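Peer 1: Going letter by letter, the sequence shown gives residues -28 to -1, 1 to 326 in mature numbering (1 follows the signal peptide of the UniProt record, and there is no 0). Just so you know, even glycine gets a beta-carbon here, dropped at the ideal spot from N, CA and C. Computed from a prediction, not measured in an experiment: that's the story for all the values here. Below: one structure in structure tokens.
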Amino acid sequence: MDLKLKNILPMFMSFLLALSKAWTDACASTSASKIVVPSGTYKFVGATFKGPCKAAIEFQLKGTVQAPEHIKDLPKQDTWVAFERIDGLTLSGGGTFDGQGATAWKQNDCHKNKDCKSKAINLRFNSVTNSIIRDITRKDSKKFPRQSYGLQKSAPQESVNTKGIHMGRSSGINIRDTTIGTGDDCISIGHGTNQLHVTNVKCGPGHGISIGSLGRTEDEEPVSGIFIKNCTITNTDNGVRIKTWPASPANNHNRWIPGTVVSDVHFEDIIMDNVKNPVVIDQEYCPHKLCTPEVSSKIKISDVSFKNIKGSSSGIWIVCPLIVVPSSCLSVFVVTVKPRQHFILLFLFVLLFL
């Protein structure tokens, strides 16, 4: 079934109603469906496209959908467009999700206020499996300026706290052949992420590729099976990073594990170009002193490797502060940094805390 909105739009006064009707019909179809949004610019207040659906759906965006400029005009102020509980989603078409985030950036004080109100994410994927996102542009999110095959992602460097791709509670995701420049992390990996492969990503400007921050909220889920390979990071504050909060709350899912577990994480074949801190493991992550640093992080980190990381640094090249909490790190970290350009670095870094 092929549902083209140019055939549906005359029947409705609202683009939202047209798109919602197309989604409802496609989701109910027992055969694979395609929703096509044709070229053009469409004002769109946002929606959550929910499953489970009876068959695979391709959502082909050829035009530009544009969010309201002001947050107050969004039905849900923390999310603009969301896909939930869908198996077999393809998001494609070469179109653009324009979050019109410039006004919201000026109101964003989350970098200094832990009780700030969350701004709207452009695209949110919750419980989406066996899916592909390709050839989509996401522009100027009100919060995070997400996903990820042939994705072009842009936001100005001054767009504070605007992440490029943010994910959590996701499994079996591939991000590849992607260029990201933003004002915060190019890729932010949240709790509950497993079997993530990031390949051939160009990151910069921004804050690099990060796991975390983790340990700020209760009952966070493990992070495992993270593979970052063949990436280039340019003109960023950080390169590849794992960051956890001190005073992390207990994990009530398992009384034997007092916090989130990070394991089976591998960074390999990464080029750094003018990166301040190429490799960071920080278990006292506490931006703007919004935490209780004297209380230890309970995050368990094990089986992490950094291999063949090379390039140029504008300052400190490895930061690994305060990973000295008893039982915090369970196994060995190996860091190998090789020479390139204007300096020579060969660093074998082994930590073993029991």
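Would you please state the rounded distance, in angstroms, between the beta carbons of S152 and V170? I believe it to be under 8 Å.
Peer 2: The question names Ser, yet the displayed sequence has Ile at residue 152. Contact flag wrong, Cβ pair sits at about 11 Å.
Peer 1: Judging by CA-CA distance, which residue of D107, A4, D45, I58 is the nearest neighbour of G73?
Peer 2: D45
Peer 1: What residue range is occupied by the uninterrupted alpha helix (DSSP H) comprising L61?
Peer 2: Here L61 belongs to no alpha helix (DSSP H); instead the beta strand (DSSP E) covers 61 to 64.
Peer 1: With distance defined between alpha-carbon atoms, name the residue in S220, D191, V234, I43 nearest to S182.
Peer 2: V234
Peer 1: In terms of residue numbering, what span does the beta strand (DSSP E) encompassing L95 cover?
Peer 2: 93 to 101
Peer 1: Please report how far the alpha carbon of Q32 lies from the alpha carbon of N94, in whole angstroms.
Peer 2: 17 Å
Peer 1: If T232 sits next to V195, beta carbons under 8 Å apart, how far is it from one beta carbon to the other, in whole angstroms?
Peer 2: 7 Å
Peer 1: Identify every residue that forms a DSSP beta bridge with D236.
Peer 2: Per DSSP, none; premise fails for D236.
Peer 1: In chain order, what residues of the same chain lie with their CB nearer than 6 Å to the CB of A28, ignoring the 5 residues before and after it?
Peer 2: So the list reads A4, G60, once near-sequence residues are dropped.
Peer 1: Under a Cβ-count criterion, where at least 16 other Cβ atoms within 10 Å of its own Cβ denotes burial, should T216 be classed as buried or exposed?
Peer 2: buried
Peer 1: Compute the Euclidean distance between the alpha carbons of P177 and T(-5), then round it to the nearest angstrom.
Peer 2: The alpha-carbon atoms of P177 and T(-5) are separated by roughly 40 Å.
Peer 1: Among the candidates H163, L186, E192, G197, whose CA atom is the shortest distance from the CA of Y257?
Peer 2: L186
Peer 1: How about D70 and T36: do their beta carbons lie closer than 8 Å?
Peer 2: Taking 8 Å as the Cβ cut-off, D70 and T36 qualify as a contacting pair.
Peer 1: Measure the beta-carbon distance from K(-8) to V9 and round it to whole angstroms, keeping in mind my assumption that it falls under 8 Å.
Peer 2: Contact doesn't hold; Cβ gap of about 13 Å is too wide.
Peer 1: Leaving out five residues on either side along the sequence, give the residues of the same chain with a beta carbon under 6 Å from the beta carbon of P24.
Peer 2: In its chain, beyond the 5 residues on either side, R57 have a beta carbon closer than 6 Å to the beta carbon of P24.
Peer 1: Compute the Euclidean distance between the alpha carbons of T109 and N210, then round it to the nearest angstrom.
Peer 2: When the Cα atoms are used, T109 and N210 turn out to be separated by approximately 24 Å.
Peer 1: When the Cα of T62 is compared with those of I214, I242, I7, A(-11), which residue comes out closest?
Peer 2: I7
Peer 1: Can you say whether S285 is buried or exposed, counting buried as having 16 or more other CB atoms within 10 angstroms of its CB?
Peer 2: buried
Peer 1: What are the start and end residues of each continuous beta strand (DSSP E) run of 3 or more residues lying completely inside the region 8 to 43, in chain order?
Peer 2: 13 to 15, 19 to 22, 29 to 33, 36 to 38
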